[in-house]
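Q:
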Amino acid sequence: MLVVLATVMAVTPRFDDRIAGFKQQAKDQDRKRREEITNVTNNLTRANTELSTANNELERQLKAAHDVQQDAVRQATEYAEKKTRVQVSMRDFLQAKINAIKKAVLKTPNKSIKETGKLQTRLARLQQQQQQSRCSALQQRPRPSTSSR
1 MLVVLATVMA VTPRFDDRIA GFKQQAKDQD RKRREEITNV TNNLTRANTE LSTANNELER
61 QLKAAHDVQQ DAVRQATEYA EKKTRVQVSM RDFLQAKINA IKKAVLKTPN KSIKETGKLQ
121 TRLARLQQQQ QQSRCSALQQ RPRPSTSSR
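For the sequence shown, the residue numbers in full-length UniProt numbering are 1 to 149.
(1) Okay, do the stretch 59-67 and the stretch 95-115 touch, 3+ Cβ pairs below 8 angstroms being the bar?
(2) So, residue 162 versus A124, is the Cβ gap smaller than 7 angstroms?
(3) Suppose you measure from the CA of R122 to the CA of M90; what does that come to, to the nearest Å?
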């Protein structure tokens with residue numbers, strides 16, 4: 001019996017050592033898993049921050065591109081309006097010139113149309129210069145801004 005007791009006592013410390021080893025191994029595995037979870041969480045947080053930054057940058061670039069496009073549309077519209085005004089002005093000028101020549105031909109039937117046209121061309125040039133000087137004076141005046149930004 002004494003031998004059995006000594007054997008049991010000799011076995012018990014080894015058994016306790018094995019249990020302690022298993023406990024330590026479980027603690028180490030738990031610590032490693034917690035570190036892995038922390039690393040993954042940090043990586044996800046970093047990736048989320050980078051994604052948010054990239055999204056903000058993309059929104060800024062899209063807004064800038066949209067603003068550039070809107071400016072181009074506005075400039076094209078202004079150009080088309082100016083072109084139309086010039087065409088109307090030229091049409092009115094030519095119509096006035098034709099009417100003036102008709103009137104001059106009717107008043108002076110003994111002069112040739114060519115001679116009457118030269119006189120009317122000079123008169124029209126003077127009128128056009130006066131109109132241009134009036135337009136440039138109007139353009140130099142400051143206009144109140146109508147756009148609201």
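Where is the CB? At the ideal position from N, CA and C, for every residue including glycine.
A: The structure says:
(1) no
(2) With the chain covering only 1 through 149, there is no way to say anything about residue 162.
(3) Taking the first residue of the sequence shown as 1, we reach residue 122 at position 122. Taking the first residue of the sequence shown as 1, we reach residue 90 at position 90. Cα to Cα, R122 sits roughly 16 angstroms from M90.
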